[in-house]
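> Please see the structure below; I have some questions.
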Amino acid sequence: MNNGNTRRIFRGDIFYADLGDTVGSQQGGIRPVVIVQNNTGNRFSPTIVVVPLTSVNKKKRQPTHTYIGKCFGLTAESIALAEQITTIDKCRLHDYIGHMSAGTMLRLSNALSISVGIDNGGDGRD
Numbered sequence: 001m002n003n004g005n006t007r008r009i010f011r012g013d014i015f016y017a018d019l020g021d022t023v024g025s026q027q028g029g030i031r032p033v034v035i036v037q038n039n040t041g042n043r044f045s046p047t048i049v050v051v052p053l054t055s056v057n058k059k060k061r062q063p064t065h066t067y068i069g070k071c072f073g074l075t076a077e078s079i080a081l082a083e084q085i086t087t088i089d090k091c092r093l094h095d096y097i098g099h100m101s102a103g104t105m106l107r108l109s110n111a112l113s114i115s116v117g118i119d120n121g122g123d124g125r126d
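Counting along the sequence shown from 1, when you hit position 86 you're at 86 in this note's numbering, and nothing is skipped either side.
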């Protein structure tokens, strides 16, 4: 992590992360992300799988969006954008914000399943 901290990282943790430059509709810059990688990967891999959060509520709602609200340490009402799942190096993680509830993580997991096509058999013909 960029802040010199050796904090353990767990699925459901929310951090600020540097996602780099914005390209097109991708989320970029320093913004909140939620860790969606399994805890074994979180412990041993130099990279981490995250879903960016946005506070922009004007976005057209999609089945891949999970409303988070203003909780778990977030300072603005937020939406998780599961269609923008990405892998980043752990050094891109900055400050810890909080940890999502089990219920919210279940809703996000469902959105991730939709995003990567697990819910429909993943044949790519939906």
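Note that the Cβ used here is the ideal one computed from N, Cα and C, for glycine as well.
In this structure, what does DSSP give as the bridge partners for MET65?
Sequence inspection shows His at residue 65; the Met mentioned does not correspond to that position. LEU81, per the DSSP bridge assignment.
> Beta-carbon within less than 6 Å of VAL36's beta-carbon, same chain only, minus the 5 sequence neighbours each way: which residues are those?
Hits under 6 Å: VAL49 and VAL51.
> Identify which residue in ILE85, ALA102 and CYS91 has its Cα closest to the Cα of PRO46.
Nearest option by C-alpha distance: CYS91.
> Identify whether ILE114 lies in helix, strand or coil by the three-state DSSP scheme.
The answer is helix: DSSP assigns ILE114 an H, G or I state.
> Please report how far the alpha carbon of ILE14 lies from the alpha carbon of ARG107, in whole angstroms.
When rounded, the distance between both Cα atoms is 15 Å.
> In angstroms, rounded to a whole number, what distance separates the CA positions of THR75 and MET100?
C-alpha separation (whole angstroms): 14 Å.
> Is GLY98 near GLY73, with beta carbons less than 8 Å apart?
Cβ atoms of GLY98 and GLY73: closer than 8 Å.
> If contacts are defined as beta-carbon pairs under 8 Å, then ALA111 and PRO63 qualify, I think. What distance do you get, rounded to the angstrom?
Contact flag correct, Cβ pair sits at about 7 Å.
> Grab the span of the alpha helix (DSSP H) containing GLY41 for me, first residue to last.
Unbroken alpha helix (DSSP H) run through GLY41: 39-44.
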